[in-house]
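*Asks:* Using our numbering, the first residue of the sequence shown is number 405, and each one after it goes up by one.
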Amino acid sequence: MASPITVIAFACLILGFNTLFWATVGAGRYLGSRLTLMSRCVIEQSPESGRHRRRSSRSGVAQQFTPDDVAVLIPAHNEAAVLERTVCAATRLVDAANIHVVSDGSTDGTPNIALQLGVQVLDLPHNSGKARALRAAIEHFELAQRFRVVLLLDADTRLSDDYLATGLPEFDDEGVVAVAGSVRCSLDPPPRKLMGRLLLAYRARVYVGVQLLTKYGQAGRWADVVSIVPGFASMYRTDVLDSIDITAPGLVIEDFNMTFEVHVKKLGRIAFRPCAAVAYTQDPDAFGDYVRQIRRWSLGFWQTVRLHRKHFGRFWFALTAQVAELICGSVTLLCMPPLMLFAVYTEAVSATYGPPEVAGHELVGTLTPQIVALGFLVPDLLVTLLAVCALRRPRLLLFAPLLPALRLLDAYVCLRSLVAATRTRSTGRWVSPVRRAAASTVAMLKTDDPASDFASAVTTCPVSRNS
405 MASPITVIAF ACLILGFNTL FWATVGAGRY LGSRLTLMSR CVIEQSPESG
455 RHRRRSSRSG VAQQFTPDDV AVLIPAHNEA AVLERTVCAA TRLVDAANIH
505 VVSDGSTDGT PNIALQLGVQ VLDLPHNSGK ARALRAAIEH FELAQRFRVV
555 LLLDADTRLS DDYLATGLPE FDDEGVVAVA GSVRCSLDPP PRKLMGRLLL
605 AYRARVYVGV QLLTKYGQAG RWADVVSIVP GFASMYRTDV LDSIDITAPG
655 LVIEDFNMTF EVHVKKLGRI AFRPCAAVAY TQDPDAFGDY VRQIRRWSLG
705 FWQTVRLHRK HFGRFWFALT AQVAELICGS VTLLCMPPLM LFAVYTEAVS
755 ATYGPPEVAG HELVGTLTPQ IVALGFLVPD LLVTLLAVCA LRRPRLLLFA
805 PLLPALRLLD AYVCLRSLVA ATRTRSTGRW VSPVRRAAAS TVAMLKTDDP
855 ASDFASAVTT CPVSRNS
């Protein structure tokens with residue numbers, strides 16, 4: 405009986421009790437939404453024809469927000485390789501006049517590319533950081549005065565065609581002030597090497613796990629404890645922007661802080677649904693870039709927690725549980741390899757010297773290599789299977805044996821960033837990972853002038869969603 409209990413204990417530590425709780429809440433939220441949808445679809449008997457027809461109670465509700473109400477804001481620092489596709493995807497949803505690019509001291513022709521695309525451009529002379537670039541653009545373009553919603557979009561992100569159709573209705577609830585985008589890994593262009601395919605497979609699994617097992621439950625109406633409105637493709641009501649300290653000092657990234665500001669100042673709720681406001685981001689496909697990116701994210705989280713310190717309320721209780729899980733889970737993960745070696749060793753020596761004992765109890769049989777492996781690898785495989793089902797990508801299973809190693813790397817970076825956050829104040833300046841350029845953009849970048857041949861490269865990019 406001890407073996408199953410030990411396996412379950414390991415599995416719970418690896419998955420995290422906090423994650424298991426919010427996964428349960430998310431499952432309840434999903435079932436509740438399905439029952440609500442079924443109750444709203446009323447089947448009526450037509451007296452004239454005797455036929456049944458289906459009616460939704462939401463069909464007669466006028467949408468409060470339209471694409472004309474949305475300003476798209478794209479901060480960019482040396483993003484010439486990917487900006488074209490991002491802007492083209494955005495112009496399928498809003499007019500080009502609604503799209504605003506702020507070049508944060510770019511030296512690769514990024515502002516020229518944006519100008520050729522016919523969008524609004526602010527070219528800052530120096531790299532001052534993403535947060536300061538956002539604030540400068542919001543003020544320069546007077547976005548809060550001219551628009552009702554601002555969509556913050558990274559230069560490597562492509563919006564899905566139904567991003568606004570699924571995301572904007574969340575603002576019909578007057579209590580919602582932000583809609584967190586649902587992230588997917590972009591595989592176009594594909595990774596350049598096998599390592600890149602492994603890294604993207606892992607990121608795809610991480611996104612599914614975080615969003616389905618944690619974030620969906622946290623975004624429930626009664627909970628409202630979402631800890632991150634990701635800056636890659638998310639929306640805010642513009643009337644709360646002045647209340648958010650976007651440029652808080654000492655932070656390497658801004659999106660955690662903006663989210664915390666919403667909770668600290670009780671500005672409103674954060675909405676999130678996995679199937680709404682979907683966008684595709686280009687994750688790093690080089691190992692060094694990947695490590696630098698997760699270090700930046702982890703450091704930004706710990707810096708934000710340190711900046712806001714202790715408050716009271718549901719969000720802060722949930723955040724405390726999340727922090728405890730991050731630390732305990734990371735320590736547990738890093739203990740798995742030496743624990744496995746120890747289990748193999750004790751099992752080997754028991755054949756010669758007898759089973760070793762700890763506090764009077766035999767260790768062999770209670771802590772075997774098989775038990776440690778099951779407690780570590782089975783929960784990891786279950787998350788991979790969830791990603792396979794959610795994304796309908798069976799090929800992820802090919803990378804399943806290697807994904808636990810990347811979890812160990814994430815755990816190490818998380819703990820090291822925690823230590824660094826106690827003594828590091830960042831300037832917010834940024835350097836983007838090496839991007840995978842699309843074919844037309846690659847051809848453009850081979851010219852001496854980054855914008856000289858751009859007109860012919862973007863003939864398929866609409867300047868208006870109505871064109």
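Beta carbons: idealized from backbone N, C-alpha and C, even for Gly.
(1) Pairing CB atoms from the region 662–670 with CB atoms from the region 562–573, are three or more of them under 8 Å?
(2) Quick check on DSSP: helix, strand or coil for S830?
(3) Cβ atoms of R562 and R489: under 7 Å apart, would you say?
(4) Output yes or no for whether 7 Å exceeds the beta carbon distance between L526 and V491.
(5) Can you list, in chain order, the residues of its chain whose CB lies under 6 Å from that of L743, leaving out five sequence neighbours each side?
(6) What is the DSSP secondary structure of S443, counted as helix, strand or coil?
(7) State buried or exposed for C589, treating a residue as buried only when at least 16 other CB atoms are found within 10 Å of its CB.
(8) Is Q468 closer than 7 Å to D576 when the C-beta atoms are compared?
(9) Which residues does DSSP pair with G654 in a beta bridge?
(10) Can the beta-carbon of E483 be found closer than 7 Å to that of T514?
(11) Given a cut-off of 7 Å on the beta-carbon distance, is the pair A683 and A623 in contact?
(12) Considering only DSSP beta bridges, list what H504 is partnered with.
(13) Residues in its own chain within less than 8 Å of A608 by CB, not counting five upstream and five downstream?
(14) By the 10 Å Cβ neighbour count, where 16 or more other Cβ atoms means buried, how is V709 classified, buried or exposed?
(15) Starting from L568, trace the beta strand (DSSP E) both ways and give me its first and last residue.
(16) Inspect the beta-carbon positions of R552 and D473 and report whether they are closer than 7 Å.
(17) Kindly confirm or deny that the region 717–732 and the region 638–651 touch, where touching means at least three C-beta pairs closer than 8 Å.
(18) Should the region 699–719 be called in touch with the region 604–619, which here means at least 3 C-beta pairs below 8 Å?
(19) Please report the Cβ distance between S532 and V656, rounded to the nearest whole angstrom; I am assuming they are in contact, meaning their Cβ atoms lie under 8 Å.
(20) Starting from L790, trace the alpha helix (DSSP H) both ways and give me its first and last residue.
(21) Using the Cβ count rule (16 or more neighbours within 10 Å means buried), how would you classify I409?
(22) For A415, which of helix, strand or coil comes out of DSSP?
(23) In angstroms with no decimal places, state the Cα-to-Cα distance between R455 and L441.
(24) Does DSSP put V580 in a helix, a strand or coil?
(25) Out of L604, A582, M599, A584, point me to the one whose CA is closest to D592's CA.
(26) Bridge partners of L556, per DSSP?
(27) Given this structure, state the Cα-to-Cα distance separating T750 from A413, to the nearest angstrom.
(28) Residues in the same chain with beta-carbon distance under 8 Å from L528, minus the five sequence neighbours each way, listed in chain order, please.
(29) Where do the ends of the alpha helix (DSSP H) carrying I674 lie?
(30) Which class does S586 belong to by DSSP, given the choice of helix, strand or coil?
(31) Using a 10 Å radius around the Cβ and a threshold of 16 neighbouring Cβ atoms, would you call P783 buried or exposed?
(32) Among the residues of its own chain, which have a CB less than 7 Å from the CB of L419, if the five just before and after it don't count?
(33) Using the three-state DSSP reduction, which class does V633 fall into: helix, strand or coil?
(34) In whole angstroms, give me the CA-to-CA distance for A466 and K597.
(35) What's the gap between the Cα of C416 and the Cα of T428?
(36) If you draw a straight line from the alpha carbon of K669 to that of C739, how long is it in whole angstroms?
*Replies:* Reading off the structure:
(1) no
(2) If you number the sequence shown from 1, residue 830 lands on position 426. Looking at S830 - three-state DSSP - the assignment turns out to be strand.
(3) As a working mapping, residue 489 is identified with position 85 in the sequence shown. As a working mapping, residue 562 is identified with position 158 in the sequence shown. Going by C-beta atoms, R489 is nearer than 7 Å to R562.
(4) Taking the sequence shown and counting its residues from 1, the one referred to as residue 526 is at position 122. Taking the sequence shown and counting its residues from 1, the one referred to as residue 491 is at position 87. Not in contact: L526 and V491 (Cβ atoms no closer than 7 Å).
(5) Here residue 743 refers to the residue found at position 339 when the sequence shown is read from its first residue. V776.
(6) Within the sequence shown, the letter at position 39 stands for residue 443. The answer is helix: DSSP assigns S443 an H, G or I state.
(7) Against the sequence shown, residue 589 aligns to sequence position 185. Its Cβ being crowded by 16 or more others within 10 Å, C589 is buried.
(8) As a first step, residue 576 must be located in the sequence shown, where it is residue number 172. As a first step, residue 468 must be located in the sequence shown, where it is residue number 64. Cβ distance < 7 Å, so D576 and Q468 count as in contact.
(9) Locating residue 654 in the sequence shown gives position 250, where the first residue counts as 1. Answer is S830, bridged to G654.
(10) To locate residue 483, count along the sequence shown from 1; it is residue 79. To locate residue 514, count along the sequence shown from 1; it is residue 110. Cβ atoms of E483 and T514: closer than 7 Å.
(11) The residue you call residue 683 lines up with position 279 of the sequence shown. The residue you call residue 623 lines up with position 219 of the sequence shown. Contact: no.
(12) The count along the sequence shown starts at 1 and reaches residue 504 at position 100. According to DSSP, H504 bridges with L477, Q524.
(13) Start at 1 with the first residue of the sequence shown, and residue 608 comes out as number 204. For A608, where only same-chain residues beyond five positions count, the Cβ hits under 8 Å are R588, C589, A791, L795, R797, L800.
(14) As a working mapping, residue 709 is identified with position 305 in the sequence shown. It counts as buried.
(15) Along the sequence shown, read from residue 1 onward, the residue named residue 568 stands at position 164. Segment 567–571 is the alpha helix (DSSP H) holding L568; no beta strand (DSSP E) there.
(16) Sequence index remark: in the sequence shown, residue 552 carries index 148 (1-based). Sequence index remark: in the sequence shown, residue 473 carries index 69 (1-based). Closer than 7 Å, so yes.
(17) no
(18) no
(19) On the sequence shown, residue 532 is found 128 positions in, with the first residue counted as 1. On the sequence shown, residue 656 is found 252 positions in, with the first residue counted as 1. At roughly 14 Å, the Cβ-Cβ gap does not stay under 8 Å, so S532 and V656 are not in contact.
(20) Taking the first residue of the sequence shown as 1, we reach residue 790 at position 386. Counting along the chain, the alpha helix (DSSP H) containing L790 begins and ends at 773–795.
(21) Sequence index remark: in the sequence shown, residue 409 carries index 5 (1-based). Per the 10 Å Cβ criterion, exposed.
(22) Locating residue 415 in the sequence shown gives position 11, where the first residue counts as 1. Correct three-state label for A415: helix.
(23) Along the sequence shown, one-based indexing puts residue 455 at 51. Along the sequence shown, one-based indexing puts residue 441 at 37. Only weak support is given to the placement of R455: the predicted model assigns it a pLDDT of 45, under 50, and the question is left unresolved by the model.
(24) Here residue 580 corresponds to residue number 176 of the sequence shown, with the count starting at 1. In this structure, V580 counts as strand in the three-state DSSP scheme.
(25) Here the question's residue 592 lines up with position 188 in the sequence shown. Nearest C-alpha to D592: L604.
(26) Counting from 1 along the sequence shown, the entry for residue 556 is found at position 152. Paired residues: L477, S638.
(27) Position 346 of the sequence shown, counted from the first residue, corresponds to residue 750. Position 9 of the sequence shown, counted from the first residue, corresponds to residue 413. The alpha-carbon atoms of T750 and A413 are separated by roughly 20 Å.
(28) Translated into positions along the sequence shown, residue 528 becomes position 124. Excluding positions up to five away in sequence, the list reads V506, S507, D508, G509, A537, A540.
(29) Here residue 674 corresponds to residue number 270 of the sequence shown, with the count starting at 1. From DSSP, I674 is part of no alpha helix (DSSP H) but of the beta strand (DSSP E) over 673–675.
(30) Along the sequence shown, one-based indexing puts residue 586 at 182. Looking at S586 - three-state DSSP - the assignment turns out to be strand.
(31) By one-based count along the sequence shown, residue 783 stands at place 379. It is buried - the Cβ of P783 has at least 16 other Cβ atoms within 10 Å.
(32) The sequence position of residue 419 within the sequence shown is 15, counting from 1. P783.
(33) Position 229 of the sequence shown, counting from 1, holds the residue named residue 633. Of the three classes helix, strand and coil, the one that applies to V633 here is coil, per DSSP.
(34) Position 62 of the sequence shown, counted from the first residue, corresponds to residue 466. Position 193 of the sequence shown, counted from the first residue, corresponds to residue 597. Since pLDDT at A466 reaches only 48, below the 50 mark, its modelled position is unreliable, and no value is offered.
(35) Your numbering for residue 416 matches position 12 in the sequence shown. Your numbering for residue 428 matches position 24 in the sequence shown. Going from the Cα of C416 to the Cα of T428 covers about 14 Å.
(36) As a working mapping, residue 669 is identified with position 265 in the sequence shown. As a working mapping, residue 739 is identified with position 335 in the sequence shown. The alpha-carbon atoms of K669 and C739 are separated by roughly 39 Å.
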